[in-house]
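Protein chains in written order, with my numbering: chain A, 399 to 991; chain B, 385 to 711; chain C, 820 to 1178.
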């Protein structure tokens, strides 16, 4: 009933790819293999007539309207229509293409120098109006490190740049490692090779920001540039002559995008069919919002997915079925077992849980097979070529059971190995903190039921997703024994973004911790450190694939679904998806019929 | 005491039935009279029977479920279709299944436990606290009265549901609140409802005590040397029994609904425990097709509350027949 | 004073108003003394208003304490995102002033509230709380006013007629039905009527279903259609309650001495009822309605939830669940404001009616 998407959905992030040409060819090949199986033809939908208004329905508001701050799927949908990062993607494609950049990045000095040439003739929207230079990209990245700009991933991916601050300066400060020899060249000097940095060049933080215009907003304690932002993409948030976006942004109600008059299709691959894009917010009930899209009042779903009951009826309707698209969410949902709390500090107990868990029943709480494939390890199928096969693909299933319904016998055997003579747990009840909205409580109930099969009793608490994360599951001191409603998604198409923060012992934080299992295995830590430095895509895939297997066997987290995101389009639009964007439509490619 | 001014209003109702019938001519006690009148009221008897039935269902839930349903918290994925939508009533699942494949019949039966337990205990606590507070405020007056009355004023200025939601949400964490005194789940709901309710009866009792303390028999008791406690317990409290009973009958059905409302909003009893309100909430996303899932818990709620309401009416009528019967 | 709109969005037992037997005072000869703006009345009004303002302050302080102290979601962590570092969280916490002692935060909050009517910014998004509440007020207004009209226009006449035709079949039927209406949970009733009558998914496609609300300015027809089912459901329990109360009041009044006097004087039954009986019987209902309205204006959470109406009630609920402290503060204050105002209005009304009430 509560359509407000849970934490997992909201933390979707974007994909980036490796740098070398070889890798991109490989990706294309992988694409050919995988996209064919994704169901919907893409080519015919990317033509369209110009004009009209596209209406996107969303449940909630953006997290941040500032393109350098936003980190949620909804915010990204807006950013990728209004801003141009260095690299991007065409709709329905996993291929990285230069966006603001003119060509692929050049990696030299054994990976320590990355040079990107920029396109000429790209201009900022009013009121700035001038051409974009490399200094604007430099400033955009620098501001991500400042305390006044709340960027969640600058440190994670851009701190390898020489001179990147270790602690956030109050206001944006120059970074010596970003050089701008001329107006259309930007050079990154790194302290060590990093495949992740190159992938991160697709993220919104690399979209240019004009310093002379933005500095006065960024110099405040909390930057207000977001409310005065300018655009480089085909669309912009409607603003007034002074630059304030209040005409186009009514928080929690409406976001209005209009054409960017300074955008030129000559410098961009985006067709930009529609004249206006409206995001209507506040559709808290996904069922009602989906009905509106089916009836044509809205055009596409924004930050929520149609509920299973409606997926059922849509799939049964031959006309509506054609407008339903599935794209991989690029991550997993997991059940986290706190390895610092008994009995889950015992490997065999964790493996018993991994055996007993009826993943099929779990998936049914989210709509069954239509929601995605059952996960057996962490790197999901959308990482074809970037680690999925290296991790063993579908075949790697260390805790198999018939129909994924769980194997009680094997679980009990593991419990015996852990020292429980009868195969049933004999200790006190364990604590659990679960979500209380949407499918989360039902999923938790299934977990509780399954834990009971090996004798583990649970005292659960049900809270809002934000309280669950920020007060308990993300705080090691307060983390319960079981967090059944966690999940993690990619930041871009690199397996490091799936496994590093979540399983590296060095990344256990006292607050905002995402290593929910509190895994701190020296062997795995070392393997991660080594894999981070690789820049060759194939080597990275192989290395991270191995790490995935090692982690899966520790059973500190039990992945149970590789989810697909469902997008439903109204009859009034020609659909266009963003494959790499986990299904959110690329609005620059959508058109009205 | 004057004839009741106006008895139609429920609060006046409570106010005015303070002294049981003082018919001295026939030697029957007021309570015998009450019982005679109650017995004659067919609707009241029927509702009493229903309430007792619900009580028995709650007490003997495990047996009933063993006979007619499936074990609680046993999940049957066979009862879900490929999209996770539950199947409807069948010979094996009398009321169908819920969204994780548990037996709705079993959950409705166990839900009676939660509803009754929460309503009865929270009402008892609220009445106890309210009566004590009301007696102290009404009897001692002065500063104590001012403090208690103003405190009640403040509490009543809060939007009630928001206060309940806030406290319930905050106390649903691991250890609960007040240092573990109020544990999450049923204890929290009981505490929240009690907190909300005591102010009403506190006000009523205070008013009663204010007028009672001026009466002759209290003066007489004081003159014969009885202390405050003696007066409170032996003279005043017996005269409060009737309004307390009336208030209790009024508020129990309300509290059943309140617990269901909190569970419906997701801040009541834990979803692992069967609660009628929580089941209705769970049913909302599929109610247009899975009609049984909201119908049976809702009907159970309706019938139970209705029975308590009718029973309350019957008790109030039997307590004082001068009251207009509102049936 | 009592918040009569019980959490179940139905009337609940109410404690008596301070000031003794008001209705006894009314049951005097026709032409009760209406205190005009005498100085004692004025002083009374001023006292009540001042007390009301003080209550609001106390409510805001207690709300702050409850929702600040009791552990809820950490807004700094939410805003910091997935790769949050402790440094980032600290920065955000500092920006949101969450690292100051709570009385400093409270002081800052009250300062903005009293001087600028600024209710702060939601922790969850960039929206200002005031704009959120203000934009939802017309919705809650529509819902409340419609329900009030229904329960007064239907409930009271039904009660009066039932009183006149006591013990008839009609009487028993209406009183029975009203008891059922009081016993049904609002949200369940909502699901039932949606299942039966919603024009998108119902069996008989008659009225607007859940989520069909549009503002009046946008489309009056749809606005009306979308509110019919919510009005009926929200008004159901109140209608029943007011019918029962009207009936009982009238019956009791009709057996009063002065009514017998009027009959003995030879007045027609109709005159007796309408001239003398009704006023005494119904005046308390009107004042109760005032308090009920005050409570409902704070938001009918259950009704708004089941019908997906974007009112203040639902916003309050969402903000509590999300631990959005500024929004919680704002909605609780709004609700309390309406409750307190309604009580003051009712008290002043009584003060005019009965000078003995002022103390």
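In this text, a Cβ means the ideal position worked out from N, Cα and C, and glycines have one as well.
query, result
"If distances are taken between C-alpha atoms only, which option among 984/A, 975/A, 971/A comes closest to residue 447/A?", "971/A"
"Going along the chain, which residues of its own chain have a beta-carbon closer than 8 Å to the beta-carbon of residue 437/A, five neighbours each way excluded?", "Its pLDDT being 38, under 50, residue 437/A is placed unreliably in this model, and the coordinates cannot settle the point."
"Any beta-carbon of chain C closer than 8 Å to the one on residue 620/B?", "no"
"Step through the CB atoms of chain A and report whether any lies within less than 8 Å of the CB of residue 1127/C.", "yes"
"Beta-carbon of residue 843/A versus every beta-carbon of chain B: anything under 8 Å?", "yes"
"Could you name the residues of the same chain whose beta carbon sits closer than 7 Å to that of residue 488/A, not counting the 5 residues immediately before and after it, in chain order?", "495, 667"
"Considering only residues of the region 740-801 of chain A, which uninterrupted alpha helix (DSSP H) runs meet the minimum length of 4 residues and lie entirely inside it, listed in chain order?", "745-754, 757-762"
"Mind checking whether residue 949/A and residue 776/A have CB atoms under 8 Å apart?", "yes"
"Kindly say whether residue 459/B, judged by its beta-carbon, lies nearer than 8 Å to any beta-carbon of chain E.", "No chain E appears in this structure, whose protein chains are A, B and C."
"Provide the residue span of the alpha helix (DSSP H) that contains residue 580/A, from first to last.", "First-last for residue 580/A: 576-580, but that is the beta strand (DSSP E), not the alpha helix (DSSP H)."
"Quick one: what does DSSP say residue 656/A is sitting in, helix, strand or coil?", "strand"
"Ignore the nearest five residues each way along the sequence and tell me which others in residue 1032/C's own chain have a CB closer than 6 Å to its CB.", "1045, 1128"
"Using a Cβ distance threshold of 8 Å, determine whether the region 1061-1072 of chain C contacts the region 1094-1114 of chain C, with at least three qualifying pairs required.", "yes"
"Can you tell me which of the three DSSP states residue 1168/C falls into?", "helix"
"Consider the Cβ of residue 901/C: report whether some Cβ of chain A lies at a distance smaller than 8 Å.", "yes"
"Any beta-carbon of chain C closer than 8 Å to the one on residue 869/A?", "yes"
"Contact criterion: CB-CB distance below 8 Å. Does residue 599/A meet it with respect to chain C?", "no"
"Flag residue 427/B as yes when its Cβ comes closer than 7 Å to any non-hydrogen atom of the ligand COA, and as no otherwise.", "Among the ligands in the structure shown, none appear at all, so the ligand COA cannot be discussed."
"What is the rounded straight-line gap between the Cα of residue 551/A and the Cα of residue 664/B?", "41 Å"
"Short of 6 Å in beta carbon distance, which residues of its chain neighbour residue 684/B, apart from the five on each side in sequence? Order them along the chain.", "492, 660"
"Is the Cβ of residue 766/A closer than 8 Å to any Cβ of chain B?", "yes"
"If you draw a straight line from the C-alpha of residue 631/A to the C-alpha of residue 558/A, how long is it?", "28 Å"
"Would you say residue 670/B reaches chain A, if we count a Cβ-Cβ gap shorter than 8 Å as a contact?", "yes"
"Run through chain B and tell me which residues come within less than 8 Å of residue 827/A, C-beta to C-beta.", "Within 8 Å Cβ-Cβ: nothing; residue 827/A doesn't reach chain B, min ~12 Å."
"Against chain C, with Cβ distances strictly below 8 Å, would residue 899/A count as a contact?", "yes"
"Distance cutoff 8 Å, beta carbons only. Does residue 1019/C sit that close to anything in chain A?", "yes"
"Going along the chain, which residues of its own chain have a beta-carbon closer than 6 Å to the beta-carbon of residue 1135/C, five neighbours each way excluded?", "1118, 1150"
"Indicate the three-state DSSP secondary structure (helix, strand or coil) for residue 486/A in the structure shown.", "strand"
"Since residue 830/A is in the beta strand (DSSP E), which residue starts that stretch and which ends it?", "828-833"
"Excluding five sequence neighbours on each side, which residues of the same chain lie with their C-beta closer than 6 Å to the C-beta of residue 750/A?", "809, 812, 813, 852"
"Which runs of the alpha helix (DSSP H), 4 residues or longer, sit entirely within the region 921-950 of chain A?", "none"
"Looking at chain C, is there any beta carbon in it that lies within less than 8 Å of the beta carbon of residue 985/A?", "no"
"Using a Cβ-Cβ cut-off of 6 Å (strictly less than) and excluding sequence neighbours within five positions of residue 904/C, which residues of its own chain qualify?", "none"
"Does the CB of residue 1147/C have a neighbour CB from chain B at under 8 Å?", "yes"
"For a contact meaning CB atoms closer than 7 Å, what does residue 1002/C contact in chain B?", "637, 686, 689, 690, 693"
"I need the straight-line Cα distance from residue 1097/C to residue 1087/C, nearest angstrom please.", "14 Å"
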